[in-house]
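Take a look at the structure set out below.
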Amino acid sequence: MLTAVYVMLGLALVLGVLLGYSALKFKVEGDPLVARIDAILPQTQCGQCGFPGCKPYATAIAAGEADINQCPPGGDAGARALADLMGMEYKPLNAEHGLPKPKSVALIDENTCIGCTLCIQACPVDAILGAAKHMHTIIASECTGCELCLAPCPVDCITMEPIAESPDNWKWRYPVFEIKPASPASSSQTGKRH
Amino acid sequence: MVQNYILLFIGAALVNNIVLVKILGLCPFMGVSKKLEASVAMAMATAFVLTIGSGTSYFISEYLLGTDLFYLRTVSFIVVIAGVVQFTEMWMEKNSPVLYQVLGIYLPLITTNCAVLGIPLLNVQNKHNLFESLVFGFGGAVGFSLVLILFASMRERLEAADVPAIFQGAAIAMVTGGLMSLAFMGFAGLVR
Amino acid sequence: MSSLLNIVKQNFGSRTIAVNGGVHPPEHKQESTKQPIGHLALPKRLVLPLRQHVGNLPKVLVNVGDKVLKGQLLAEAEGNISAAIHAPTSGTVVAIEDALIPHPSGLPDHCITIDVDGKDEWIAHCSTDWRKQDKTQLLESLRDSGIVGLGGAAFPTQVKLRTNAKSHVDTLVINAAECEPYITCDDMLMRERADQILKGVEIAQHLLGAKQCLIGIEDNKPEAAEAMRLACLNSPLAKLVTLKVVVVPTQYPSGDARQLIRLLTGIEVPADKRSTDVGLQCFNVATLLALHRYFDFGEPSLSRIVTITGNVKTPANFEVLFGTPVTELVKAGGGVLADTDDYIMGGPMMGFSLPSIDVPITKAANCIIASAPNLFAPAPPAMPCIRCARCADVCPVSLQPQELYWFSKSSNLEKARDYNLFDCIECGCCTYACPSNIPLVQYYRFAKSEIIAQDRAKESADLARERNEFRLMRIEREKQERAEKHAQKAVGAKAEVAKPEVGSTIEAIDDAAMAAKKAAIAAAIERAKAQKATTTPQNVSDTKPTVEAEIAEINARREAAKQAVNKQAGDNIGSKQDEK
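Protein chains in written order, with my numbering: chain V, 1002 to 1195; chain P, -6 to 185; chain U, 695 to 1274.
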């Protein structure tokens, strides 16, 4: 009886020592989960999720304080990717936090701009070029379309322009071919020769 | 002599495949096989745990427990397996955090994998010596890995196929697993 | 099975290397080679898209209303990989705005529209002595030549003619294969202007320093091969380097650069490397002819040979100015027959349907096919894949089209990329071979553009994250600096209002206050100096000599102005003192 106890104790001690040593040796710094969640988020930094940026939202998801369906710019695909990563069930986007909109870029009407720098202070990615009493302009390639500059502008000179489809960013469509006509008026995109 | 070990290996890997013939260790088989990379990682992890586990279990059952403390066998095996799994987890978290995240909960679940406990118990039952235990454990691990990787590849293929809606997901996976099992039963009689 | 036979053939059979896979569709080349190359009458209007090549858009130099001469530079190359646009004939620029372009999307793009005045006046131009001039200068001037690959890829040629210490070219491969059915523009070019092509080969060989030049031509072009052989014999290049015509068996797509290189030299360029990394470079015959016209005559790239064939009355080849509407070309081909339902730019394998017949001919347009149901029957609806693997047999790049199809179909884009989707050259062999009529290439195009869009989105997201993090850091830093400033000010103020202790003199306190103030001022001056030092203008190095001259001029003017002001101030002070 006692031998049994000693044997189990001995086993436990040996394993405990081994595991303790490996715990020290394989110590992992930081929380890579937050970085992984942040990599999925679209980095629009718009705050629609209720947090002041994408990193805080990622931290909240990792801590379990926020749900995965609060990011409209990430869209459906983003919510699914987050669900995959966190091992949770996919949830459709929460309409309370906004609806997905086509990607836009801000545009300052230079005739109306008064050079107050309020929009420059609001932009989360420093995509507005300008200084006090000088013309402000949006650096289109850096603008994420977060719309945070629209509210502070005292003369309402900023508008959102949706990014138009051009031969540069045009994507081939998913091939769809008719097996039989759906309706007399419908047209299809048949691959004629291919 | 060597022939015996080879036969033992083939027996453990193919003829008496733990997943498809003995129907043990189905949890990771169904749970991790959606993606091929995850399955490969799981296969490696389980193979490691199985082989180490078989070896240490032999020592414990032979020398530590002997014949009087036979009732401690299951408990001590589980304790050892849990320790090895914990070590594997820590190693994986440090060296490959992506795979660690991909495997998720299934990594600690190797502890409760009935195959990982079953092989050491079978070793004891069949009175294998140390080398035989190791070969049997490693053969079982190879068989497990083989089946897991094959199944994962098939499931990835099934993702793109025209499966009827009612069968999509786990249902068609089960059907596939069953058919694979039938195929592996063809190995019966290979090793007399 | 056929791939196994290929391997056996290559290793044990005769040394003729066959195209890896490939198909042999009916050639339909005889229709358009009955007549010599024709010339079109000057059209009334030319529409020149800015996007006629791979790389950056050129910078427009002209304005609406400008009168331009033939060969005048309208838009100059911008950036490393770019090409210029020239006026194909004289006229007036009437618009620089969006117009319909030949693109599968049917979307309009920025174009320069010229109203032709009919005079066809050339701008002053002269030849270059390319044998004597510095190679760097020659390549610089090529940027303004507008020459791009005229085989269809439209890659700016000056980039391909560069050599540096890392990449060297031993073998120059001249692509005369023209493997796609219906297209005969290169065939006719070789029959009529073979010696001009060889002169272009001389220039390319001189720039690259190649030791051998191989001309690859398919065996369905015997007249062209004979013409090229004759031109090779007569060319002075034959005495300097190995120069020969190699006839390859007709198989599509032997004209793909890597396939042709393999056929001619047996070297297979690895998928992740360029051909220059293994000492080879490949040019189309029409591109080489353009090189010759540019250096030996001073004529920039203004026109190309285009085949008009298919359901037209008289299929033929014409020399067409860039920007000519396709309607003109179709008219020259005798007009279309009644049952024409579509127009294809390119060949039947790799071409695309034109959104309208009013689009211009661009540098990449080698052929216009008028399609009719009897020529190109509408594809029957696609049936499920039966895994026959015929597509894998014919793929010239040895990919697995059936796997790529499954992954593209289920949008499993990572797996598609892992299976080398981006090595696909979209030749269409797999679609041609598929017994279930699945439009395989359409799936790959879809997957490729999705992956490219995703990669772009990820890049811009990474950039946004960086900028956001920097902004947060900058705000933190500014807060700290402000806190420091306040702390210093507080120290200075404390020193001033500190009551004199018993025993200490007022002078000592004054000194301490003075010292603190001086220190604060000195610190502020230091900060201002440091800021000035860090915000020096960024682009003063590596400027063109003209820009540097301008800068020197401006600096001189600034100095003069400063001295004038100082002198003025000196005078004023002097006068003030006098007043006193």
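Virtual Cβ for every residue (Gly too), placed ideally from N, Cα, C.
Inset, instruction - Report the three-state DSSP secondary structure of L768 (chain U) (helix, strand or coil). - result: Here the question's residue 768 (chain U) lines up with position 74 in the third sequence. Three-state DSSP puts L768 (chain U) in a strand.
Legend entry - Short CB-CB distance (under 9 Å) between P1125 (chain V) and chain U: Counting from one through the first sequence, the residue named residue 1125 (chain V) turns up at place 124. Chain U, which has a Cβ nearer than 9 Å to the Cβ of P1125 (chain V), makes this yes.
Legend entry - Residue span of the alpha helix (DSSP H) that contains G136 (chain P), given as start and end: Residue numbering aside, residue 136 (chain P) sits at position 143 when the second sequence is read from its first letter. That run of the alpha helix (DSSP H) goes L123 to A153.
Inset, instruction - Kindly identify the DSSP beta-bridge partner or partners of E791 (chain U). - result: In the third sequence, the residue the question calls residue 791 (chain U) occupies position 97. DSSP lists U:C805 as partners of E791 (chain U).
Inset, instruction - Determine the chain V residues that contact Q161 (chain P) at a beta-carbon separation under 9 Å, and present them in chain order. - result: Taking the first residue of the second sequence as 1, we reach residue 161 (chain P) at position 168. Result: empty, since nearest Cβ-Cβ is about 15 Å, beyond 9 Å.
Inset, instruction - State the start and end residues of the unbroken alpha helix (DSSP H) segment that holds C879 (chain U). - result: Sequence index remark: in the third sequence, residue 879 (chain U) carries index 185 (1-based). From DSSP, the alpha helix (DSSP H) with C879 (chain U) extends over C879 to L902.
Inset, instruction - Using only alpha-carbon positions, find the residue among U:E1244, U:R856 and U:G840 that is nearest to L751 (chain U). - result: Position 57 of the third sequence holds residue 751 (chain U). Considering only alpha carbons, the answer is U:G840.
Inset, instruction - Would you mind reading off the limits of the beta strand (DSSP E) that contains K938 (chain U)? - result: Taking the first residue of the third sequence as position 1, residue 938 (chain U) is located at position 244. It spans T936 to V942 - the beta strand (DSSP E) in which K938 (chain U) sits, taken as one unbroken run.
Legend entry - Start-to-end residues for the beta strand (DSSP E) that takes in D977 (chain U): Within the third sequence, residue 977 (chain U) is the residue found at index 283, counting from 1. According to the sequence displayed, residue 977 (chain U) carries Phe and not Asp. Note, F977 (chain U): beta strand (DSSP E), L974 to N978.
Inset, instruction - Find the residues of chain V that neighbour F80 (chain P), judging by a C-beta separation of less than 8 Å, and give them in chain order. - result: Within the second sequence, residue 80 (chain P) is the residue found at index 87, counting from 1. Against chain V, the beta carbon of F80 (chain P) has neighbours under 8 Å at L1019, L1020 and S1023, listed in chain order.
Legend entry - CB contact below 9 Å: M83 (chain P) versus chain V: For the purposes of this step, residue 83 (chain P) is taken as residue 90 along the second sequence, with counting starting at 1. M83 (chain P) counts as touching chain V.
Inset, instruction - Look up Q906 (chain U) in the DSSP assignment and say whether it is helix, strand or coil. - result: Walking along the third sequence from the start, residue 906 (chain U) turns up at place 212. Strand at Q906 (chain U).
Inset, instruction - Count the other CB atoms, across all protein chains shown, that sit within 10 Å of the CB of D689 (chain U); report buried if there are 16 or more and exposed otherwise. - result: With chain U represented from 695 up to 1274, any question about residue 689 (chain U) goes unanswered, as that position is not in the structure.
Legend entry - Check whether A870 (chain U) and V979 (chain U) have beta carbons under 9 Å apart: Position 176 of the third sequence, counting from 1, holds the residue named residue 870 (chain U). Position 285 of the third sequence, counting from 1, holds the residue named residue 979 (chain U). Yes, the Cβ-Cβ distance between A870 (chain U) and V979 (chain U) is below 9 Å.
Inset, instruction - Please check if any C-beta of chain U sits within less than 9 Å of the C-beta of K1102 (chain V). - result: The sequence position of residue 1102 (chain V) within the first sequence is 101, counting from 1. So no, K1102 (chain V) is outside the interface.
Legend entry - Cβ pair F80 (chain P), L1019 (chain V) closer than 9 Å: For the purposes of this step, residue 80 (chain P) is identified with residue 87 of the second sequence, where counting begins at 1. For the purposes of this step, residue 1019 (chain V) is identified with residue 18 of the first sequence, where counting begins at 1. For F80 (chain P) and L1019 (chain V), yes; Cβs fall inside 9 Å.
Inset, instruction - Specify the secondary structure class of S995 (chain U) as computed by DSSP and reduced to three states. - result: Position 301 of the third sequence, counted from the first residue, corresponds to residue 995 (chain U). In this structure, S995 (chain U) counts as coil in the three-state DSSP scheme.
Inset, instruction - For V72 (chain P), return the contacting residues in chain V, with the cut-off set at a CB-CB distance below 9 Å. - result: The residue given as residue 72 (chain P) occupies position 79 in the second sequence. Ordered by position in chain V, the residues that pass the 9 Å Cβ test against V72 (chain P) are M1009, L1012, A1013 and L1016.
Inset, instruction - Return the bridge partner residues of K753 (chain U) from the DSSP annotation. - result: In the third sequence, counting from the first residue as 1, residue 753 (chain U) sits at position 59. BP columns for K753 (chain U) point to U:E770.
Legend entry - Under 9 Å between C-beta atoms of L1149 (chain V) and Q1044 (chain V): As a first step, residue 1149 (chain V) is located in the first sequence; it is residue number 148 there, counting from the start. As a first step, residue 1044 (chain V) is located in the first sequence; it is residue number 43 there, counting from the start. No. Outside cutoff.
Legend entry - Nearest-angstrom Cα separation, counted from C107 (chain P) out to L141 (chain P): Position 148 of the second sequence, counted from the first residue, corresponds to residue 141 (chain P). Position 114 of the second sequence, counted from the first residue, corresponds to residue 107 (chain P). When rounded, the distance between both Cα atoms is 15 Å.
Inset, instruction - On the DSSP bridge assignment, give the partners of E82 (chain P) in chain order. - result: Counting from one through the second sequence, the residue named residue 82 (chain P) turns up at place 89. DSSP output for E82 (chain P) lists no bridge partner at all.
Legend entry - Start-to-end residues for the alpha helix (DSSP H) that takes in C1061 (chain U): Residue numbering aside, residue 1061 (chain U) sits at position 367 when the third sequence is read from its first letter. Not the alpha helix (DSSP H): C1061 (chain U) falls in the beta strand (DSSP E), residues C1061 to S1065.
Inset, instruction - Please report the Cβ distance between P1205 (chain V) and N1162 (chain U), rounded to the nearest whole angstrom; I am assuming they are in contact, meaning their Cβ atoms lie under 8 Å. - result: Here chain V covers residues 1002 to 1195 and nothing more, so residue 1205 (chain V) does not appear.
Inset, instruction - Mind the definition here: the segment 953 to 962 of chain U touches the segment 723 to 738 of chain U only if three or more C-beta pairs lie below 8 Å; say whether that holds. - result: no
Inset, instruction - Answer yes or no: does any C-beta atom of chain V fall closer than 9 Å to that of L114 (chain P)? - result: Mapped onto the second sequence, residue 114 (chain P) falls at position 121. No, no contact with chain V.
Legend entry - Contact set for V1196 (chain U): own chain, Cβ-Cβ below 7 Å, skip 5 residues either direction: Within the third sequence, residue 1196 (chain U) is the residue found at index 502, counting from 1. Because V1196 (chain U) carries a pLDDT of 48, less than 50, the predicted location of this residue cannot be relied on, and the following value inherits that uncertainty. Excluding residues within five positions, none has a Cβ falling inside 7 Å.
Inset, instruction - Determine which residues share a DSSP beta bridge with R739 (chain U) and list them. - result: Working through the third sequence from its first residue, we reach residue 739 (chain U) at position 45. The partner list for R739 (chain U) (beta bridge, DSSP) reads U:D809.
Legend entry - Buried/exposed call for I1062 (chain U), threshold 16 Cβ in 10 Å: For the purposes of this step, residue 1062 (chain U) is identified with residue 368 of the third sequence, where counting begins at 1. Answer is buried; the Cβ neighbour count reaches 16.
Legend entry - Neighbouring residues, chain V, relative to H797 (chain U) (Cβ below 9 Å): As a first step, residue 797 (chain U) is located in the third sequence; it is residue number 103 there, counting from the start. For the C-beta of H797 (chain U), the chain V residues within less than 9 Å are, from N- to C-terminus, P1168 and W1171.
Inset, instruction - Leaving aside the five residues before and after S1198 (chain U) along the sequence, list all residues of the same chain whose C-beta is less than 7 Å from its C-beta, in chain order. - result: As a first step, residue 1198 (chain U) must be located in the third sequence, where it is residue number 504. Below a pLDDT of 50, predicted positions are generally treated as unreliable, and S1198 (chain U), at 48, falls in that range; the measurement from the model is reported next regardless. Around S1198 (chain U): no qualifying Cβ.
Legend entry - Contact check, I1055 (chain U) vs T1018 (chain U), beta carbons under 9 Å: By 1-based counting over the third sequence, the position of residue 1055 (chain U) is 361. By 1-based counting over the third sequence, the position of residue 1018 (chain U) is 324. In this structure, T1018 (chain U) lies closer than 9 Å to I1055 (chain U) by Cβ.
Inset, instruction - Please decide whether V1177 (chain V) counts as near chain P, where near means a Cβ-Cβ distance under 9 Å. - result: Here residue 1177 (chain V) is taken as the residue at index 176 of the first sequence, counted from 1. Chain P, which has no Cβ nearer than 9 Å to the Cβ of V1177 (chain V), makes this no.
Inset, instruction - Within its chain, find whatever has a CB closer than 7 Å to the CB of L13 (chain P); leave out the 5 residues flanking it on each side and keep chain order. - result: Locating residue 13 (chain P) in the second sequence gives position 20, counting from the first residue. Closer than 7 Å at the Cβ level, and outside the excluded window around L13 (chain P), lie V140, M173, S174 and F177.
Inset, instruction - Sort U:N1060, U:E1153 and U:V939 by Cα distance to G843 (chain U) and report the nearest one. - result: For the purposes of this step, residue 843 (chain U) is taken as the residue at position 149 of the third sequence. Checking every option, the nearest Cα to that of G843 (chain U) belongs to U:N1060.
Legend entry - Nearest neighbour of L801 (chain U), chosen from V:V1177, V:A1165 and V:K1181 [CA to CA]: Start at 1 with the first residue of the third sequence, and residue 801 (chain U) comes out as number 107. For the residues V:V1177, V:A1165 and V:K1181, the minimum Cα distance to L801 (chain U) belongs to V:A1165.
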